[in-house]
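Asker:
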Amino acid sequence: MRRRLIVILTIITIIAALVTPVNAEEPVKQQLLVDQARIIYKSFMIDKNMAWFREHMHKAKGFLIIPELLKGGFWVGGSGGRGVLVVKDKTTGDWSQPAFYTIGSVSLGIQFGGEKSEIIMMVFTQKGLDRLYASSFKFGGDASIAIGPVGGGAKGDVMTDFVSFVRSKGAFAGMSFEGAYVKANYDWNQAYYGKKVSPVGIIEQKLVSNPGSAELRNTVRSSFK
3 MRRRLIVILT IITIIAALVT PVNAEEPVKQ QLLVDQARII YKSFMIDKNM AWFREHMHKA
63 KGFLIIPELL KGGFWVGGSG GRGVLVVKDK TTGDWSQPAF YTIGSVSLGI QFGGEKSEII
123 MMVFTQKGLD RLYASSFKFG GDASIAIGPV GGGAKGDVMT DFVSFVRSKG AFAGMSFEGA
183 YVKANYDWNQ AYYGKKVSPV GIIEQKLVSN PGSAELRNTV RSSFK
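The sequence shown begins at 3 in my numbering and counts up by one.
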């Protein structure tokens with residue numbers, strides 16, 4: 003009897019393993035983007051041309067870090083890329099879990115002429131954050147953006163919602179983002195956190211977390227010390 007019971011239990015276990023849904027794949031692509039964002043942020047911080055960035059970073063509410071904007075990344079003749087947004091908590095001063103975004107335009111690649119670019123956008127206003135918290139928006143009509151000053155002697159304040167810094171092949175250059183769109187990437191958020199969640203749910207409501215973001219958040223946090 004006991005032997006028969008063991009056989010039955012074994013069969014049940016095997017069947018359960020076969021019919022139980024397989025866990026979602028590990029978010030390899032999403033984690034790679036988070037890791038790349040940390041590397042880009044760190045490299046921008048130590049770049050001699052980023053004096054203005056370092057001097058004004060304490061005024062920023064958040065950073066949208068786009069490790070790669072590729073010419074023809076999403077469609078022929080255009081440019082596109084993915085990035086992550088981290089936001090500073092007004093109460094604790096800590097940095098949020100990353101929310102994923104997609105950026106694209108049919109004109110960015112033509113205006114810049116490069117094949118691959120690394121980008122950091124500083125978010126300076128609540129309006130800028132509110133636009134990012136929406137499903138999508140366009141630069142120019144929905145939010146203002148300026149090219150960030152580069153070079154050791156860069157001075158002055160820039161009164162816009164966003165300030166962008168673009169580097170291609172190791173050199174900083176201007177890129178107009180007027181007309182470019184930014185969209186919250188809900189699929190990548192779900193893949194990274196294991197559940198459907200909005201940028202507001204990630205950043206403001208703190209509904210989810212992923213330990214894989216610790217190095218990025220620590221890197222941003224340590225840059226303010």
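Quick reminder that beta carbons are idealized off the backbone N, C-alpha and C, glycines included.
Could you give the distance in angstroms between the alpha-carbon of Met161 and the alpha-carbon of Ile121?
Answerer: The residue given as residue 161 occupies position 159 in the sequence shown. The residue given as residue 121 occupies position 119 in the sequence shown. Their backbone Cα atoms lie some 19 Å apart in a straight line.
Asker: Hey, Gly181 and Phe167: beta-carbon distance below 8 Å or not?
Answerer: Start at 1 with the first residue of the sequence shown, and residue 181 comes out as number 179. Start at 1 with the first residue of the sequence shown, and residue 167 comes out as number 165. Cβ distance not < 8 Å, so Gly181 and Phe167 don't count as in contact.
Asker: Taking 8 Å as the threshold (C-beta atoms), are Val30 and Leu218 in contact?
Answerer: Taking the sequence shown and counting its residues from 1, the one referred to as residue 218 is at position 216. Taking the sequence shown and counting its residues from 1, the one referred to as residue 30 is at position 28. Their beta carbons are not under 8 Å apart, which means Leu218 does not touch Val30 by this criterion.
Asker: Could you check the C-alpha separation between Met59 and Met47 for me, to the nearest Å?
Answerer: For the purposes of this step, residue 59 is taken as residue 57 along the sequence shown, with counting starting at 1. For the purposes of this step, residue 47 is taken as residue 45 along the sequence shown, with counting starting at 1. Cα to Cα, Met59 sits roughly 10 Å from Met47.
Asker: If I measure Cβ to Cβ from Leu209 and keep anything under 7 Å in the same chain, skipping five residues before and after, which residues do I get?
Answerer: Counting from one through the sequence shown, the residue named residue 209 turns up at place 207. Only Val199, Gly203 meet the Cβ criterion.
Asker: Mind checking which residues open and close the beta strand (DSSP E) that includes Glu120?
Answerer: In the sequence shown, counting from the first residue as 1, residue 120 sits at position 118. From DSSP, the beta strand (DSSP E) with Glu120 extends over 118-125.
Asker: Quick check on the DSSP output: the alpha helix (DSSP H) that includes Ala216 runs from which residue to which?
Answerer: As a working mapping, residue 216 is identified with position 214 in the sequence shown. 216-224 is the extent of the alpha helix (DSSP H) around Ala216.
Asker: For Arg56, count the other beta carbons within 10 Å of its own beta carbon; 16 or more makes it buried, fewer makes it exposed. Which is it?
Answerer: Along the sequence shown, read from residue 1 onward, the residue named residue 56 stands at position 54. Exposed, since its Cβ has fewer than 16 Cβ neighbours within 10 Å.
Asker: Judging by CA-CA distance, which residue of Asp91, Lys61, Lys50, Asn212 is the nearest neighbour of Ala193?
Answerer: As a position in the sequence shown, residue 193 is number 191, starting the count at 1. Cα-wise, what sits closest to Ala193 is Asn212.
Asker: Starting from Phe102, trace the beta strand (DSSP E) in both directions and tell me its first and last residue.
Answerer: On the sequence shown, position 100 is the one that residue 102 refers to. First-last of the beta strand (DSSP E) with Phe102: 101-107.
Asker: So, under 8 Å CB-CB, Lys44 and Gly64 are touching, yes? Tell me the CB distance rounded to an integer number of Å.
Answerer: Locating residue 44 in the sequence shown gives position 42, where the first residue counts as 1. Locating residue 64 in the sequence shown gives position 62, where the first residue counts as 1. Their Cβ separation, rounded to whole angstroms, is 17 Å, which puts Lys44 and Gly64 out of contact at 8 Å.
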